[in-house]
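See below for the structure under consideration.
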Amino acid sequence: MSKIVGVQFKDGGKVYDFDAGHFVLKEGDRVMVITEEGPAIGCVRIEPRNPGPEMPKRPLKKVFRLATDEEIKKYEQGGKLEESVYQYCMQRIKERSLPMCLVGVERRFDGSKILVFFTADGRVDFRELVKDLVRKFRTRIEMRQIGVRHQAKMVGGLGTCGRPLCCASFLNSFGTVTIKMAKEQNLSLNPGKISGMCGRLMCCLTYEHQYYEKIKKNLPKIGKRVKTNFGEGKVVRQNILKETLTVVLDSGEEKEIGFEDLSTERLFKKKRHSTSKKTGKRGVR
136 MSKIVGVQFK
146 DGGKVYDFDA
156 GHFVLKEGDR
166 VMVITEEGPA
176 IGCVRIEPRN
186 PGPEMPKRPL
196 KKVFRLATDE
206 EIKKYEQGGK
216 LEESVYQYCM
226 QRIKERSLPM
236 CLVGVERRFD
246 GSKILVFFTA
256 DGRVDFRELV
266 KDLVRKFRTR
276 IEMRQIGVRH
286 QAKMVGGLGT
296 CGRPLCCASF
306 LNSFGTVTIK
316 MAKEQNLSLN
326 PGKISGMCGR
336 LMCCLTYEHQ
346 YYEKIKKNLP
356 KIGKRVKTNF
366 GEGKVVRQNI
376 LKETLTVVLD
386 SGEEKEIGFE
396 DLSTERLFKK
406 KRHSTSKKTG
416 KRGVR
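Note that my numbering has the sequence shown beginning at 136, numbered continuously upward.
This is how it looks when you write it as structure tokens:
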């Protein structure tokens with residue numbers, strides 16, 4: 136079976152799997168591939184590897200060949216044309232006072248069309264703008280409205296952590312992010328603290344969510360009474376990463392304890408209770 140190679144078409148964009156065929160490729164090589172949108176030049180980001188069991192069974196498109204110097208030069212010239220289209224389109228949007236925000240421009244390698252990406256609060260009548268662009272560049276123009284998360288990915292920037300945006304540096308796709316994830320991690324629900332540059336919930340909320348869910352399954356919730364090796368008390372705080380609980384003992388003392396300091400008797404009773412509830416029978420005492 137042929138090896139699989141990861142190819143990226145835009146910096147920070149998704150890495151697509153292709154059949155490497157008989158080519159010997161290394162990271163950084165420019166290759167010509169045939170996509171559903173036509174021929175395109177991409178950069179090898181993941182070197183050829185044997186397909187694993189997690190790989191889809193569907194056949195992959197093959198790498199057509201290594202890109203020639205002439206094709207790479209044409210690709211770079213296309214990048215300069217994209218910049219010209221962007222500047223002219225921005226000028227026309229301002230002159231026509233259109234309620235839209237220009238995000239980026241992408242030209243097909245074969246020159247068949249130019250894609251213009253923008254964001255807007257609602258529908259925008261851009262017919263006259265398209266006529267201006269066609270008149271200027273003599274090619275097919277396609278306008279695409281995108282969401283604010285895709286805008287952040289295309290534009291890039293620095294997050295509140297001081298590092299480049301995850302979506303613009305290594306995230307290939309957007310996962311589902313919910314407010315429940317912030318609650319599970321005991322984070323402040325202040326929108327300014329849990330929202331990214333796009334104004335949506337930060338993608339990094341998903342990174343540790345699975346770990347929090349796994350650890351909190353067998354832990355008492357805040358407000359529950361527990362029996363510890365230091366006596367009985369009530370849980371007032373959880374620190375999942377440190378794997379500790381803050382408990383106010385009946386004596387009035389506040390104590391931070393590790394998970395191992397919870398009484399095994401409490402855990403045993405909890406397990407027996409859940410089993411009895413499932414079977415509908417009373418536990419044996």
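Heads up, the beta-carbon is just placed ideally off N, CA and C, and yes, glycines get one too.
Buried versus exposed call for residue i [16 or more other C-beta atoms within 10 Å across all chains shown]
i       : result
Arg-242 : buried
Ala-303 : buried
Ala-175 : buried
Val-251 : buried
Met-225 : exposed
Val-159 : exposed
Lys-208 : exposed
Thr-414 : With a pLDDT of 47 at Thr-414, under the threshold of 50, the modelled position of that residue is not reliable, and the figure given next carries that caveat. That one is exposed.
Leu-397 : buried
Ala-255 : exposed
Arg-227 : buried
Asp-267 : buried
Val-179 : buried
Leu-380 : buried
Gln-286 : buried
Val-269 : exposed
Phe-305 : exposed
Under the three-state DSSP convention, the category residue i falls into
i       : result
Val-153 : The sequence as given places Phe at residue 153; Val does not occur at that position. Three-state result, Phe-153: strand.
Lys-304 : Per the sequence presented here, residue 304 reads as Ser, with Lys not at that position. Note: Ser-304 maps to helix in three-state DSSP.
Ser-219 : helix
Arg-284 : helix
Ile-357 : coil
Leu-340 : helix
Ala-202 : coil
Met-235 : coil
Arg-193 : coil
Met-225 : helix
Gln-373 : strand
Met-289 : helix
Met-332 : coil
Val-269 : helix
Pro-188 : coil
Gly-327 : helix
Arg-275 : strand
Gly-163 : coil
Gly-213 : helix
Identified DSSP bridge partners for residue i
i       : result
Glu-230 : Per DSSP, none; premise fails for Glu-230.
Gly-393 : Thr-379
Gly-366 : Thr-363
Gln-143 : Val-150, Cys-178
Phe-253 : Leu-237, Gln-280
Thr-311 : Paired residues: none, contrary to the question.
Leu-384 : Gly-368
Arg-242 : Ile-249
Pro-299 : Leu-293
Val-168 : Ala-175, Val-198
For residue j and residue i, believed in contact at Cβ under 8 Å, the rounded distance
i       : j       : result
Phe-394 : Glu-378 : 5 Å
Lys-327 : Cys-338 : First, the amino acid is wrong: residue 327 is Gly here, not Lys. Not a contact, Cβ separation roughly 17 Å.
Ile-181 : Val-140 : 7 Å
Val-265 : Ile-281 : Rounded, the Cβ-Cβ distance is 17 Å, inconsistent with contact.
Lys-138 : Arg-184 : 6 Å
Ile-375 : Ile-392 : Not quite, the Cβ-Cβ distance comes to about 14 Å (not below 8 Å), so this is no contact.
Val-238 : Met-278 : Not confirmed; about 11 Å, so no contact.
Lys-149 : Asn-307 : 4 Å
Residue i at chain D interface by Cβ criterion, 9 Å
i       : result
Gln-373 : In the structure shown, chain D does not exist; there is a single protein chain.
Three CB pairs or more closer than 8 Å across the region 255-262 and the region 309-324: Output reads no: the region 309-324 does not touch the region 255-262.
Count the CB pairs spanning the region 349-361 and the region 369-376 that are closer than 8 Å, and state whether there are at least three. Segments in contact, yes.
Is there contact here, the region 214-221 with the region 175-184, by at least three beta-carbon pairs under 8 Å? Fewer than three Cβ pairs drawn from the region 214-221 and the region 175-184 lie within less than 8 Å of each other, which leaves the two stretches out of contact.
For the structure I just gave you, are there three or more beta carbon pairs, one from the region 333-351 and one from the region 287-301, closer than 8 Å? Between the region 333-351 and the region 287-301, the count of Cβ pairs shorter than 8 Å is three or higher; the stretches touch.
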